[in-house]
Structure formats: C-alpha cells, structure tokens
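A.B. asks: Residue numbers (the numbering used here): 3 to 406. Here a beta-carbon is modelled for each residue, glycine too, at the ideal position from N, C-alpha and C. Since we're looking at a predicted model, the values are computed, not measured.
1) Mapping DSSP to helix, strand and coil, what is residue 213?
2) Compute the Euclidean distance between the alpha carbons of residue 362 and residue 178, then round it to the nearest angstrom.
3) Given a threshold of 16 other Cβ atoms within 10 Å of its Cβ, counted over all protein chains shown, does residue 141 qualify as buried or as exposed?
4) By Cβ distance, which residues of its chain are closer than 6 Å to residue 250, with the 5 residues on each side in sequence left out?
5) Around the C-beta of residue 351, are 16 or more other C-beta atoms found within 10 angstroms, so that it is buried, or is it exposed?
6) Mind pulling the beta strand (DSSP E) runs of 3 or more residues that sit fully within the segment 133-171?
7) How many Å lie between residue 313 and residue 247 at the Cα?
8) So, is residue 193 buried or exposed, given that buried needs 16 or more other C-beta atoms within 10 angstroms?
9) Is it a yes or a no for the segment 172-188 touching the segment 131-147, going by three-plus beta-carbon pairs under 8 Å?
10) May I ask you to report which of helix, strand or coil DSSP gives residue 99?
11) Closest to residue 256 by CA distance: which of 269, 235 and 214 is it?
12) Does residue 401 get closer than 7 Å to chain C when you measure Cβ to Cβ?
13) With distances taken between CB atoms, is the gap from residue 120 to residue 108 smaller than 7 Å?
14) Round the Cβ separation of residue 240 and residue 272 to the nearest angstrom and send it over; I've been treating them as touching at under 8 Å.
15) Could you have a look at residue 393 and say whether DSSP puts it in helix, strand or coil?
16) Please determine, among 165, 300, 321 and 235, the residue with the shortest C-alpha to C-alpha distance to residue 260.
17) Between which two residues does the beta strand (DSSP E) carrying residue 369 extend?
18) What residue range does the alpha helix (DSSP H) around residue 112 cover?
19) Alpha carbon to alpha carbon, what distance is there between residue 294 and residue 380?
20) Taking residue 302 as the reference, give the member of 287, 276 and 202 with the closest Cα.
21) Keeping to the same chain, check which residues put their C-beta closer than 7 Å to that of residue 187; ignore five residues upstream and five downstream.
22) Please return the same chain residues whose Cβ sits closer than 8 Å to the Cβ of residue 407, not counting the five positions on each side in sequence.
23) With 16 as the cutoff for other CB atoms within 10 Å, does residue 304 come out buried or exposed?
24) Please name the residue, chosen from 373, 269, 91 and 170, that lies closest to residue 258 on a Cα-to-Cα basis.
25) Residues bridged to residue 253 by DSSP?
26) Following the continuous alpha helix (DSSP H) through residue 191, name the residue where it begins and the one where it ends.
27) Given that a residue counts as buried once 16 or more other Cβ atoms are within 10 Å of its Cβ, and exposed if not, what is residue 358?
28) Pick out whichever of 285, 280, 123 and 98 has its Cα sitting closest to the Cα of residue 244.
29) What does the alpha-carbon distance come out to for the pair residue 369 and residue 292?
30) Report buried or exposed for residue 397, applying the criterion of at least 16 other Cβ atoms within 10 angstroms of its Cβ.
31) Excluding sequence positions up to five away, which residues of its chain have a Cβ less than 6 Å from the Cβ of residue 309?
32) Are the beta-carbon atoms of residue 278 and residue 160 separated by less than 7 Å?
33) Taking the alpha helix (DSSP H) that residue 178 belongs to, which residues open and close that run?
34) Can you give the beta carbon distance from residue 307 to residue 367, rounded, assuming they're within the 8 Å contact cut?
35) Excluding the 5 residues preceding and the 5 following residue 231 in the sequence, name in chain order all residues of the same chain whose CB lies nearer than 7 Å to its CB.
36) Can you look up residue 276 in the DSSP assignment and give me helix, strand or coil?
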C-alpha cells in the first residue's frame with residue numbers, strides 16, 4: 003500500500019491557482035486485502051407528466067383514423083419494448099438489425115469445441131464464467147459464457163451493441179458470439195496478462211512480484227484514458243460504460259490496457275450529454291454520486307470519469323479506496339486520507355527509493371484522479387482533458403479541491 007504525504011505546505015488551506023501543484027512523497031507499506039465499501043443503490047423513479055393541449059378546428063375522418071392507427075402502433079411498440087415480447091424473439095430481432103455488421107455467430111457446439119468442452123476456466127463472476135479457447139485458425143480467445151437466467155437479455159444485447167461499434171487499441175475486440183435460447187456467450191481476443199486488479203492489490207504469495215513499475219502504471223492509466231475518450235468522443239454513437247474498475251481492464255502481453263465488459267453500458271447520441279436512467283448501475287466504490295442522487299446533476303460521460311479517477315487512485319495506492327478494516331476512521335476512505343496528510347503536512351519516512359521521473363508520475367496520477375472524483379460532475383474534466391493533463395507537466399496542474 004502507498005502512503006502519500008506533502009513535502010511542504012505553508013498553509014492548511016488548499017487554494018486553486020494556475021501555479022499551485024502537488025508536492026507529494028509516496029511510500030509503500032504492507033496491507034491486507036481490502037473489501038470494497040458496499041451500500042444499497044437507490045432506485046430513482048422519474049415521473050413523466052405529459053403536457054396536454056386542446057385542438058380547436060374541424061378534423062377530417064381520414065385524419066382521425068390516421069391518428070388512431072399511429073397511436074395503436076406506438077402502444078404496440080411500447081408493449082414490445084417493455085419486455086412483453088418473447089425473450090428469444092427480441093434478441094433475434096436485435097441481432098438481425100445488425101445485418102452484415104454483426105460479429106460472427108457461433109453455435110453452442112462450436113463453443114464447446116473451441117473451449118475443449120469448457121476445460122480451461124480463466125475466471126468467474128456474477129455474469130458467468132470465462133474460458134480459454136482456440137479458434138480453428140489457432141487464434142487464442144476468451145469465451146465469456148453467461149449464466150442462464152430469466153430476463154430480457156439486456157446485458158447481452160448491450161455488450162454486443164456497444165462493442166460491435168468500436169475499433170480501438172484500448173478496447174477489447176469482440177470476435178463473435180453465441181445465442182441459442184438460454185445459452186449465450188461472447189468471444190473476445192485473449193489477454194494473456196489477465197485483469198488489472200491482479201497487479202495492483204498485491205494478490206498472490208509474493209506481493210512484491212505483483213507490483214508494476216511506475217512508468218508501466220502511468221502507461222496503463224493513459225491507455226485507459228484514451229480508450230474512454232474514444233468511447234465518449236470517437237464513436238459515431240457515444241458509449242457510456244458505467245462499470246470502469248480494475249477487474250474490467252484487461253492487459254495484453256505488453257501490458258497494453260483494454261477496456262472490457264460492456265454489459266452495463268448505454269448508447270447515447272453524440273449531441274446529447276445526459277442519459278435517462280431509472281436505477282443505479284455499476285460497482286460499489288466506483289459509482290458516481292449523481293447516479294444515486296440526481297440533485298447533484300444528470301448522469302453522463304462524467305460518471306465514467308468519476309469511476310476512472312477512483313480506479314487510478316487504487317492503482318497508486320495499491321489498495322481499495324475504502325478500507326473497512328482500517329484501525330483509524332481517518333484511514334477508511336483513501337482520497338480523504340491523502341488530503342488529511344496534505345493539510346497536516348505530515349512527514350513520514352521514505353521506504354521506497356524512486357527516481358525524479360517516478361515521483362512526478364506519482365504526483366501527476368494523484369492530482370488527475372482527484373480532479374476526476376469531484377462530487378459535482380461539472381467540476382470533473384472530460385477524458386480529453388484528462389489525457390492532456392496526464393501528458394502535460396506537473397507544474398501546469400492546478401491543485402484539485404478536497405474530495406467529499
């Protein structure tokens with residue numbers, strides 16, 4: 003785990019200025035694996051009250067018939083969209099609309115063959131299990147086999163719809179899918195290094211061997227920022243991920259990061275910045291506050307920015323942002339813990355030697371992540387701005403406000 007402290011602070015008051023910057027010292031101390039903070043998402047119900055008006059005049063019989071037919075058509079459309087249509091039929095219709103742009107479709111028997119009857123299991127989660135596989139051309143793949151469950155297949159359709167629209171070095175590539183009634187699977191390119199969480203929480207018997215170099219952490223953070231910026235600005239249709247966390251960042255053999263797991267994503271027109279949501283989505287500890295409390299602002303791409311900031315802080319700290327096992331209450335929430343030491347100008351012994359470049363990387367990652375987790379979405383930078391901050395000089399960064 004890393005502890006962050008200021009070298010010198012002349013005043014406990016944190017001011018915003020173009021010249022103010024973080025001067026932090028960072029060192030690693032041993033820590034146990036931390037459990038994420040959990041709370042129950044609140045359902046936010048929106049009531050839409052249609053405005054009505056009166057129409058004065060003479061309307062022909064034919065016009066009345068036209069309006070009635072259109073009204074019935076809309077009711078039927080709403081009826082289908084609310085899940086009344088057969089689950090299989092809805093997904094089949096959804097896939098058909100993709101036409102030639104749809105990824106390759108595999109049968110369940112082909113899935114069993116490429117995974118050698120699901121012999122090599124890579125991992126498991128709430129969505130199902132992931133298996134290592136091989137295509138007929140020898141290309142290694144990861145097969146995400148979704149567990150059987152009742153529902154309208156929204157997660158499956160979200161993932162196919164979202165990732166099929168992407169083509170970026172920092173977005174995992176969807177190679178194909180399987181859909182045979184309750185048997186649903188997604189075939190991705192294989193990532194030999196696995197997920198990012200395995201390298202930042204000190205998991206395994208030899209904790210030190212799990213830690214990444216500061217330059218590598220910086221490259222990973224910058225790569226993820228590029229991937230998110232592409233989803234928000236580079237696609238014809240804006241894609242909001244809503245589940246950015248270390249577990250959903252995959253690493254190739256050169257530790258190039260790739261964003262994965264689009265099951266909770268939402269598509270949004272480029273000209274729109276706010277999306278409509280009736281309930282919270284994401285993972286506790288990474289969910290932006292406006293997702294729960296709509297009075298803070300609309301849910302938008304800035305919600306992904308918040309998740310990104312929380313994740314980068316975990317990359318720097320080597321621990322979960324919320325440590326419920328901390329001996330002191332002040333150490334439970336890591337972002338506040340950093341600011342506590344900034345305010346008090348605490349001097350701690352340095353247990354880790356770092357080069358000047360590594361020290362600047364550390365301070366820069368902290369500054370950028372603290373900007374990203376501001377409570378007000380309007381105070382958070384866009385991912386385009388995040389990339390600029392990461393690639394700019396530390397001296398050019400303003401000191402961010404205290405996280406709340």
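C.D. replies: The short version:
1) coil
2) The straight-line gap from Cα to Cα measures roughly 42 Å.
3) exposed
4) For residue 250, where only same-chain residues beyond five positions count, the Cβ hits under 6 Å are 262 and 263.
5) Legend: pLDDT at residue 351 = 32, less than 50; position of this residue unreliable, value from coordinates given subsequently. That one is exposed.
6) 142-148
7) Cα to Cα, the separation comes out at about 6 Å.
8) buried
9) The segment 172-188, when compared against the segment 131-147, does touch it at the 8 Å Cβ threshold.
10) helix
11) 214
12) Absence of chain C from the displayed structure is noted, only one protein chain being present.
13) Here residue 120 is not near residue 108, since their CB atoms are 7 Å or more apart.
14) 5 Å
15) helix
16) 165
17) Taken as a continuous stretch (DSSP letters only), residue 369 belongs to no beta strand (DSSP E), being part of the alpha helix (DSSP H) at 358-374.
18) Going by DSSP, residue 112 is part of the alpha helix (DSSP H) stretching over 110-116.
19) Straight through space, the alpha carbons of residue 294 and residue 380 are spaced by roughly 16 Å.
20) The shortest CA-to-CA distance from residue 302 to any of 287, 276 and 202 is the one to 276.
21) 113, 145, 146, 147, 148, 179 and 180
22) Look at the range of the chain in this structure, 3 to 406, and you will see that residue 407 is not part of it.
23) Buried.
24) Ranking the options by Cα distance to residue 258, first place goes to 170.
25) Answer by DSSP bridge pairing, in chain order: 196 and 259.
26) No alpha helix (DSSP H) contains residue 191, which is instead part of the beta strand (DSSP E) from 185-191.
27) Exposed is the call here.
28) 285
29) 22 Å
30) By the neighbour-count rule (16 or more Cβ atoms within 10 Å), residue 397 is not buried but exposed.
31) 246 and 288
32) no
33) Looking at the DSSP string, residue 178 is not in any alpha helix (DSSP H); the run it does join, the beta strand (DSSP E), is 176-182.
34) Contact doesn't hold; Cβ gap of about 15 Å is too wide.
35) 385, 386 and 389
36) strand
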